[in-house]
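Trainee:
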Amino acid sequence: MISKKTIIYLFIIIFLLSSLSVTGNNKFVNIVKIDEAITGATTELIKEAIDLSEKDNCVATLILLNTQGGSLDETFKIADLIENSKKPVIGFVYPSGAKAWSAGVFILESTHIAVMAPHTIVGSCQPIELTPTGTKYINDSKIINALVEWLEERANSHGRNSSIMSKFVVENLNLNASEALKSGAIDYVEKNVDSLLETLDGKTIETIYGNTTLYTQNIDKILFKPSIKIYILRIISNPIVASLLLITGLFSLLIGLSTPGYGAEVFGVIAIIVSLLAMGLSISYIAILLLIIGFILLSIELFVTPGFGIIGIGGIISIIFGALFLIPNYQNMKWLISQEYQQMLVIFVLAPVLVIAAFFIFILIKFLKIRRKKPAIDVIGKEAVVVDRLSSDKEGYVKLEGEYWRARAYKGKIQPGTEVVVVGREDLTLIVKPKTR
């Protein structure tokens with residue numbers, strides 16, 4: 001006789017198999033959202049989405065665009081992914097009020113079908129760069145011609161009006177949905193995803209793998225869910241976050257060098273490495289120079305001069321200006337972002353940098369005040385605990401009455417955790433030896 005437990009297991013298995021069968025037979029459209037700056041995370045997002053779309057029951061990939069632009073290198077990678085997709089890729093500037101500015105235009109024109117919702121905007125592709133006096137348009141023919149030619153070629157390959165493409169770049173043209181449709185920059189204007197899929201039903205799309213006829217009437221719609229890797233990449237590849245990581249890493253390294261333990265140094269090094277990787281190691285030489293100068297000036301103020309004065313202030317100013325030059329611009333053809341977004345980057349990078357700088361200045365001033373007070377304390381004969389490994393020629397830190405002091409061993413080596421007695425002092429450095437029982 002079949003047990004009750006066996007019947008339950010069989011029921012679960014039959015239910016799962018039937019669910020898989022229904023899902024496997026259903027055709028669907030894979031919907032993926034781009035609603036942020038174009039970065040390496042966006043490229044990985046589209047790659048994962050297109051990989052899912054390669055399955056037999058996926059009809060097409062639908063990219064919902066709402067972006068102010070971003071990395072030009074990543075935009076070209078995304079365009080290549082779209083071009084080599086076995087299934088049609090549809091670009092849809094959506095919802096109402098969305099925009100496809102700068103790099104967003106390049107992605108939209110790369111798709112097999114370009115669509116906009118009413119009250120959306122496309123355009124703003126003229127290159128700009130950040131200068132000490134603000135932003136200015138770039139008119140270098142080498143850069144302009146390359147961008148125009150690329151856009152025109154994409155438009156031609158998908159049967160759109162290539163002549164309007166040059167105006168996006170040369171004249172910084174912006175078009176609403178109806179204007180873009182009338183000028184031939186896009187293929188359709190649709191109010192939502194359902195109306196778009198209804199319009200596309202029965203349409204034949206040309207890809208590099210041949211013609212594909214879309215059957216999208218009452219088709220399933222699946223919103224693509226990114227992997228954990230994408231969420232992590234989104235955080236660290238954001239230019240604002242990457243800039244803040246670099247600044248925080250530099251200050252942490254500076255604080256770590258002047259305090260006991262290795263936590264701050266480890267965090268600082270990791271933050272700097274992650275920020276450099278997130279920026280693709282494409283930081284402006286001016287930014288690097290200013291940051292290094294700032295770091296050196298602060299180090300001199302901390303370890304050489306007796307107080308916090310003009311050298312330290314100069315270091316902070318140098319680091320702040322270095323942070324400004326971390327903001328991406330068009331000068332090296334790395335980024336393609338709108339002027340509005342670049343101005344926003346200045347604010348969102350500069351404001352936190354000032355806050356972080358103020359915080360670390362406060363810590364440094366407190367540290368320097370403590371250092372100036374310590375010589376007045378009579379510490380000879382007092383007991384302390386070793387924090388770092390000490391020797392006669394290697395300094396470290398000891399904890400004495402709740403305060404950290406620089407110290408070295410009277411002779412030999414002393415391990416962390418050892419109780420010691422202060423037997424002498426050289427300026428701010430204590431001379432210690434193990435406590436005798």
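Just so you know, we're using the numbering used here here: the sequence shown kicks off at 1 and counts up by one.
Glycine included, every Cβ here is placed at the ideal spot set by N, Cα and C.
Here the structure is a predicted model, which means the values were calculated and not measured.
Taking the alpha helix (DSSP H) that residue 424 belongs to, which residues open and close that run?
Mentor: Start at 1 with the first residue of the sequence shown, and residue 424 comes out as number 424. Segment 419-426 is the beta strand (DSSP E) holding residue 424; no alpha helix (DSSP H) there.
Trainee: Tell me, to the nearest whole angstrom, how far the beta carbon of residue 93 is from that of residue 221; I am working on the premise that it is less than 8 Å.
Mentor: Residue numbering aside, residue 93 sits at position 93 when the sequence shown is read from its first letter. Residue numbering aside, residue 221 sits at position 221 when the sequence shown is read from its first letter. No, residue 93 and residue 221 are not in contact; Cβ-Cβ is about 18 Å, not under 8 Å.
Trainee: Between which two residues does the beta strand (DSSP E) harbouring residue 70 extend?
Mentor: In the sequence shown, residue 70 corresponds to position 70, counting from 1. It spans 69-71 - the beta strand (DSSP E) in which residue 70 sits, taken as one unbroken run.
Trainee: Taking 7 Å as the threshold (C-beta atoms), are residue 181 and residue 189 in contact?
Mentor: In the sequence shown, counting from the first residue as 1, residue 189 sits at position 189. In the sequence shown, counting from the first residue as 1, residue 181 sits at position 181. Contact flag set, yes.
Trainee: Taking only the alpha-carbon atoms, compute the straight-line gap between residue 207 and residue 149 and give it to the nearest angstrom.
Mentor: On the sequence shown, position 207 is the one that residue 207 refers to. On the sequence shown, position 149 is the one that residue 149 refers to. Distance between the alpha carbons of residue 207 and residue 149 is about 21 Å.
Trainee: Taking the beta carbon of residue 423 as the centre, do at least 16 other beta carbons fall within 10 Å, making it buried, or is it exposed?
Mentor: As a position in the sequence shown, residue 423 is number 423, starting the count at 1. Label assigned to residue 423: exposed.
Trainee: Residue 114: which of 156, 126 and 392 sits nearest, CA to CA?
Mentor: Working through the sequence shown from its first residue, we reach residue 114 at position 114. The residue with the shortest Cα to Cα distance from residue 114 is 156.
Trainee: Please work out which residues of its chain come closer than 7 Å, Cβ to Cβ, to residue 24, disregarding the five sequence neighbours upstream and downstream, and give them in chain order.
Mentor: Mapped onto the sequence shown, residue 24 falls at position 24. Note that residue 24 has pLDDT 48, beneath the 50 cutoff, so the model's placement of it is unreliable and no number is given.
Trainee: Can you give me the Cβ contacts of residue 154 inside the same chain, cut-off strictly under 6 Å, excluding the 5 residues immediately before and after it?
Mentor: Here residue 154 corresponds to residue number 154 of the sequence shown, with the count starting at 1. Taken in chain order, the residues that qualify are 109 and 110.
Trainee: Roughly how many whole angstroms lie between the Cα atoms of residue 104 and residue 67?
Mentor: Counted from its first residue, the sequence shown places residue 104 at position 104. Counted from its first residue, the sequence shown places residue 67 at position 67. Each residue's Cα considered, the two are about 6 Å apart.
Trainee: Checking the sheet assignment: what are the DSSP bridge partners for residue 201?
Mentor: Counted from its first residue, the sequence shown places residue 201 at position 201. BP columns for residue 201 are empty, so no partner.
Trainee: What residue range is occupied by the uninterrupted alpha helix (DSSP H) comprising residue 61?
Mentor: Stepping through the sequence shown from its first residue, residue 61 is reached at position 61. Segment 58-65 is the beta strand (DSSP E) holding residue 61; no alpha helix (DSSP H) there.
Trainee: Taking the straight line between their C-alpha atoms, what separation do you get for residue 75 and residue 151?
Mentor: Looking up residue 75 in the sequence shown gives position 75. Looking up residue 151 in the sequence shown gives position 151. Taking the straight line joining both Cα atoms gives about 12 Å.
Trainee: Just the C-alpha distance for residue 223 and residue 406, rounded to the nearest angstrom, thanks.
Mentor: Taking the sequence shown and counting its residues from 1, the one referred to as residue 223 is at position 223. Taking the sequence shown and counting its residues from 1, the one referred to as residue 406 is at position 406. Between residue 223 and residue 406, the C-alpha separation is close to 58 Å.
Trainee: If you follow the beta strand (DSSP E) that residue 429 is part of, which residue opens it and which one closes it?
Mentor: As a first step, residue 429 must be located in the sequence shown, where it is residue number 429. Where residue 429 is concerned, the enclosing beta strand (DSSP E) stretches over 429-434.
Trainee: Please work out which residues of its chain come closer than 8 Å, Cβ to Cβ, to residue 77, disregarding the five sequence neighbours upstream and downstream, and give them in chain order.
Mentor: In the sequence shown, residue 77 corresponds to position 77, counting from 1. Closer than 8 Å at Cβ, skipping near neighbours: 43.
Trainee: Expressed to the nearest angstrom, what Euclidean distance is found between the alpha-carbon atoms of residue 376 and residue 72?
Mentor: The residue you call residue 376 lines up with position 376 of the sequence shown. The residue you call residue 72 lines up with position 72 of the sequence shown. Caution is warranted here: a pLDDT of 46 is assigned to residue 376, below 50, making its placement in the model unreliable, and the coordinate value is therefore given only provisionally. Taking the straight line joining both Cα atoms gives about 60 Å.
Trainee: Would you say residue 172 and residue 124 are within 7 Å of each other, going by their C-beta atoms?
Mentor: Working through the sequence shown from its first residue, we reach residue 172 at position 172. Working through the sequence shown from its first residue, we reach residue 124 at position 124. Yes.
Trainee: Work out the CA separation of residue 61 and residue 32 for me, nearest whole Å.
Mentor: Taking the first residue of the sequence shown as position 1, residue 32 is located at position 32. Taking the first residue of the sequence shown as position 1, residue 61 is located at position 61. C-alpha separation (whole angstroms): 7 Å.
Trainee: Excluding the five sequence neighbours on either side, which residues of its own chain have a C-beta within less than 6 Å of the C-beta of residue 35, listed in chain order?
Mentor: Within the sequence shown, the letter at position 35 stands for residue 35. The beta carbon of residue 35 sits closer than 6 Å to the beta carbons of 66 from its chain, once the five residues preceding and following it are set aside; these are given in chain order.
Trainee: Tell me where the alpha helix (DSSP H) around residue 37 begins and ends.
Mentor: Counted from its first residue, the sequence shown places residue 37 at position 37. Neither: residue 37 is in no alpha helix (DSSP H) and is coded neither H nor E.
Trainee: When the Cα of residue 214 is compared with those of 298, 90, 81 and 355, which residue comes out closest?
Mentor: For the purposes of this step, residue 214 is taken as residue 214 along the sequence shown, with counting starting at 1. For the residues 298, 90, 81 and 355, the minimum Cα distance to residue 214 belongs to 90.
Trainee: Is the CB-CB distance between residue 399 and residue 421 below 7 Å?
Mentor: Reading the sequence shown from its first residue, position 399 is the one you call residue 399. Reading the sequence shown from its first residue, position 421 is the one you call residue 421. No. Outside cutoff.
Trainee: Which class does residue 176 belong to by DSSP, given the choice of helix, strand or coil?
Mentor: The residue labelled residue 176 in the question sits at position 176 within the sequence shown. If DSSP states are grouped into helix, strand and coil, residue 176 belongs with the strands.
Trainee: The beta strand (DSSP E) with residue 401 in it runs from where to where?
Mentor: The count along the sequence shown starts at 1 and reaches residue 401 at position 401. Premise fails: residue 401 is in no beta strand (DSSP E) and is neither H nor E.
Trainee: Report the residue from 161, 378, 418 and 112 whose alpha carbon sits nearest the alpha carbon of residue 212.
Mentor: What you label residue 212 is simply residue 212 of the sequence shown in a count that begins at 1. Answer by Cα proximity: 112.
Trainee: Does residue 218 come out as helix, strand or coil in the three-state DSSP assignment?
Mentor: Residue numbering aside, residue 218 sits at position 218 when the sequence shown is read from its first letter. In the structure shown, residue 218 sits in coil (DSSP, three-state: anything other than H, G, I, E or B).
Trainee: Can you give me the Cβ contacts of residue 53 inside the same chain, cut-off strictly under 6 Å, excluding the 5 residues immediately before and after it?
Mentor: On the sequence shown, residue 53 is found 53 positions in, with the first residue counted as 1. These residues qualify, in order along the chain: 30, 61 and 87.
Trainee: Along the chain, where does the beta strand (DSSP E) that runs through residue 386 open and close?
Mentor: In the sequence shown, counting from the first residue as 1, residue 386 sits at position 386. Taken as a continuous stretch (DSSP letters only), the beta strand (DSSP E) holding residue 386 covers 383-386.
Trainee: Check whether the Cβ atoms of residue 430 and residue 414 lie closer than 7 Å to each other.
Mentor: Here residue 430 refers to the residue found at position 430 of the sequence shown. Here residue 414 refers to the residue found at position 414 of the sequence shown. Not in contact: residue 430 and residue 414 (Cβ atoms no closer than 7 Å).
Trainee: Rounded C-beta distance between residue 272 and residue 250? I'm assuming under 8 Å.
Mentor: The count along the sequence shown starts at 1 and reaches residue 272 at position 272. The count along the sequence shown starts at 1 and reaches residue 250 at position 250. Rounded, the Cβ-Cβ distance is 7 Å, consistent with contact.
Trainee: So residue 294 and residue 315 are in contact, right, with Cβ under 8 Å, and what is the actual spacing, rounded?
Mentor: In the sequence shown, counting from the first residue as 1, residue 294 sits at position 294. In the sequence shown, counting from the first residue as 1, residue 315 sits at position 315. The pair is a contact, with the Cβ atoms about 5 Å apart (cut-off 8 Å).
Trainee: Just to confirm before moving on: does the CB-CB distance between residue 311 and residue 296 stay below 7 Å?
Mentor: As a position in the sequence shown, residue 311 is number 311, starting the count at 1. As a position in the sequence shown, residue 296 is number 296, starting the count at 1. For residue 311 and residue 296, no; Cβs fall outside 7 Å.
Trainee: Figure out for me which residue from 142, 40 and 120 has the closest Cα to the Cα of residue 177.
Mentor: One-based indexing of the sequence shown puts residue 177 at position 177. The candidate whose alpha carbon is nearest that of residue 177 is 120.
Trainee: So, at 8 Å on beta carbons, what are the nonlocal neighbours of residue 411 in its own chain, with the 5 sequence-adjacent residues on each side left out?
Mentor: As a working mapping, residue 411 is identified with position 411 in the sequence shown. Around residue 411: 392 and 433.
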